[in-house]
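Right, one structure below, let's go through it.
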């Protein structure tokens with residue numbers, strides 16, 4: 001890849017990252033969430049019996065204190081409750097409430113709208129090729145960074 005093409009790739013990826021994050025923030029604000037909270041709540045909703053904070057942190061690739069802070073910011077919405085773990089009184093399970101489950105279709109809807117707005121107007125083949133290229137780039141970049149650097153998505 002020559003310098004001109006490298007500059008073009010860097011500019012396109014940087015701009016897309018910034019625009020995607022800003023557009024996602026707007027969509028999530030409309031449903032009362034901030035970026036990152038959507039992923040955390042969605043992930044929690046996939047666990048019908050709940051999950052401990054340490055399990056959540058491990059699965060999201062973040063530290064337990066980061067998960068605790070993120071949960072504290074989400075707590076005001078009444079989207080989950082904390083239940084004691086009978087076998088370990090130091091731990092609690094995070095269980096999504098009915099209100100939290102009701103928010104999941106809106107989160108998924110926001111994601112679908114954003115995907116359509118970003119990729120609408122291109123052919124199915126172009127979309128598939130774009131996704132394959134992005135997945136390839138993600139796989140290559142994953143080898144260069146600590147996976148825990150990816151706490152938002």
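In the UniProt record's numbering, the protein residues as written are 1 to 153. Note that beta-carbon positions come from the ideal geometry of N, C-alpha and C, so glycine has one too.
Using the Cβ count rule (16 or more neighbours within 10 Å means buried), how would you classify residue 2? exposed
I need the straight-line Cα distance from residue 119 to residue 71, nearest angstrom please. 32 angstroms
Determine the closest residue to residue 37 out of 17, 48, 55, 68, with distance taken between C-alpha atoms. 68
Can you say whether residue 18 is buried or exposed, counting buried as having 16 or more other CB atoms within 10 angstroms of its CB? exposed
May I ask you to report which of helix, strand or coil DSSP gives residue 155? Since the displayed the chain opens at 1 and closes at 153, residue 155 lies outside it and no answer follows.
Among 76, 62, 22, 11, nearest to residue 32 - alpha-carbon criterion: Ranking 76, 62, 22, 11 by CA distance to the CA of residue 32 puts 76 first.
Who are the near neighbours of residue 65 in its chain, counting only those whose CB is closer than 8 angstroms to its CB and skipping five residues on each side? none
Are residue 23 and residue 114 closer than 8 angstroms when you measure CB to CB? yes
Beta-carbon proximity check, residue 74 vs residue 56, cutoff 8 angstroms: Remark: C-beta atoms of residue 74 and residue 56 do not approach each other more closely than 8 angstroms.
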